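Mapping of the sequence shown onto the numbering used here: position 102 corresponds to residue 85, and the numbering continues sequentially without gaps.
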Amino acid sequence: MGERLNAPLWKQDAFTLRRLQVAIERILNDLDEDGTLPGVVVDMGAGGAPYCRLFQARGATYVSCDICNGPGIDVVLENGRAVELGNGFADCVVSFQVLEHVWDIDAYLLECRRLLSADGKLLLSTHGTWLYHPHPTDFRRWTRDGLLKEIESRGYIIDSIIPVVGPLAWTSQFRCLAYSHLFQKFGVLGRFFARVSNALFYLRMVAEDFVTPPALKDSNAAIYVVVASKA
């Protein structure tokens, strides 16, 4: 999903990224209030750690873990091996748009749980509905009920879930992505029209998501953001 923080309106997935950021910031305010932050935050699948600044602004120590080593990565994850951090190391474990790319969900969620302190929080976002996007692979999408069961069955209690982008808007989001991809094949002029198209679709999605009934969005979101505790 590209550069995620404060995405410009002419970016092809700006609407979804901005709504996701709003949900994450809302949760961080809650974690501030309950004393989880500031603390130690472990990002399980950090990539470029797009939301790191949001946590550091609240005084958190941010530990970035990823399967690929690179700038800003503190711990390299290896298949079949425990993360090189102690039990209960983290006050908060975060996983942003990673779970759909994980084959062994059982091992992943249990390792997240091992890293959590007794009163720590798991903050996880993943797709309900989205286009195929391998990184390096892409395995799953979830219904609301299915995602909650996946997490609960690995020893968690669900504290909250926020749906991000309802079906009226995400159908437009998919068309926006398709038109943007098409326009960008036509050089500088095509890239200009892609930006114009993206901005117009953004405005349309604002209206569509505004009129979507909450119950419809709850069970048909593009993204779900979950906060969970150890059972």
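All C-beta atoms in this analysis are idealised placements derived from N, C-alpha and C, irrespective of residue type, glycine included.
Since we're looking at a predicted model, the values are computed, not measured.
Neighbourhood of residue i by C-beta, 6 Å cutoff - its chain only, sequence neighbours within 5 removed
i, result
"residue -15", "Since pLDDT at residue -15 reaches only 48, below the 50 mark, its modelled position is unreliable, and no value is offered."
"residue 203", "150"
"residue 6", "145, 147 and 208"
"residue 71", "100"
"residue 174", "167"
"residue 123", "83"
Cβ neighbours of residue i in the same chain (closer than 8 Å, five flanking residues each side left out)
i, result
"residue -3", "-10, -9, 181 and 185"
"residue 131", "141, 144 and 209"
"residue 52", "59"
"residue 67", "58"
"residue 115", "121"
"residue 108", "3, 6, 7, 78, 79, 80, 147, 206, 207, 208 and 209"
"residue 10", "106, 143, 145, 208 and 210"
"residue 179", "-7"
Alpha-carbon spacing of residue i relative to residue j, whole angstroms
i, j, result
"residue 113", "residue 119", "16 Å"
"residue 50", "residue 31", "12 Å"
"residue 110", "residue 205", "6 Å"
"residue 97", "residue 19", "17 Å"
"residue 3", "residue -12", "9 Å"
"residue 188", "residue 1", "12 Å"
"residue 45", "residue -7", "30 Å"
"residue 43", "residue 23", "6 Å"
"residue 79", "residue 176", "31 Å"
"residue 12", "residue 183", "31 Å"
"residue 213", "residue 136", "11 Å"
"residue 200", "residue 126", "11 Å"
"residue 211", "residue 139", "6 Å"
"residue 14", "residue 172", "45 Å"
"residue -1", "residue 157", "11 Å"
"residue 65", "residue 170", "47 Å"
"residue 195", "residue 155", "13 Å"
"residue 27", "residue 74", "13 Å"
"residue 62", "residue 190", "43 Å"
"residue 198", "residue 103", "30 Å"
"residue 56", "residue 33", "12 Å"
Integer Cβ distance of residue i from residue j, believed to fall under 8 Å
i, j, result
"residue 148", "residue 192", "6 Å"
"residue 41", "residue 21", "6 Å"
"residue 105", "residue 76", "5 Å"
"residue 218", "residue 159", "Nothing in the structure corresponds to residue 218, since the chain is present only between -16 and 214."
Residues near residue i by beta carbon distance below 7 Å, same chain, minus five either side
i, result
"residue 153", "112 and 205"
| task | Starting from the N-terminal side, write out each stretch of the beta strand (DSSP E) that is 3 residues or longer and does not extend beyond the segment 69 to 95. | result | The segment 69 to 95 is shown to contain whole beta strand (DSSP E) runs of 3 or more residues at 73 to 79, in chain order.
| query | Should the segment 87 to 95 be called in touch with the segment 161 to 181, which here means at least 3 C-beta pairs below 8 Å? | reply | Segments in contact, no.
| Curious, which full-length alpha helix (DSSP H) runs of at least 4 residues does the segment -4 to 82 contain? | Within the segment -4 to 82, the alpha helix (DSSP H) runs of at least 4 residues that lie entirely inside it are, in chain order, -3 to 17 and 35 to 39.
| field | Cβ contact check for the segment 35 to 44 and the segment 124 to 139: 3 or more pairs under 8 Å | value | Output reads no: the segment 124 to 139 does not touch the segment 35 to 44.
| query | Can you give, in chain order, each stretch of the beta strand (DSSP E) that sits fully within the segment 108 to 156 and has at least 3 residues? | reply | Entirely contained in the segment 108 to 156, the beta strand (DSSP E) runs reaching 3 residues are, in chain order, 139 to 147.
| request: Any chance you could list the alpha helix (DSSP H) runs of at least 4 consecutive residues sitting entirely within the segment 164 to 213, in chain order? | output: The segment 164 to 213 contains these whole alpha helix (DSSP H) runs: 170 to 194 and 197 to 202.
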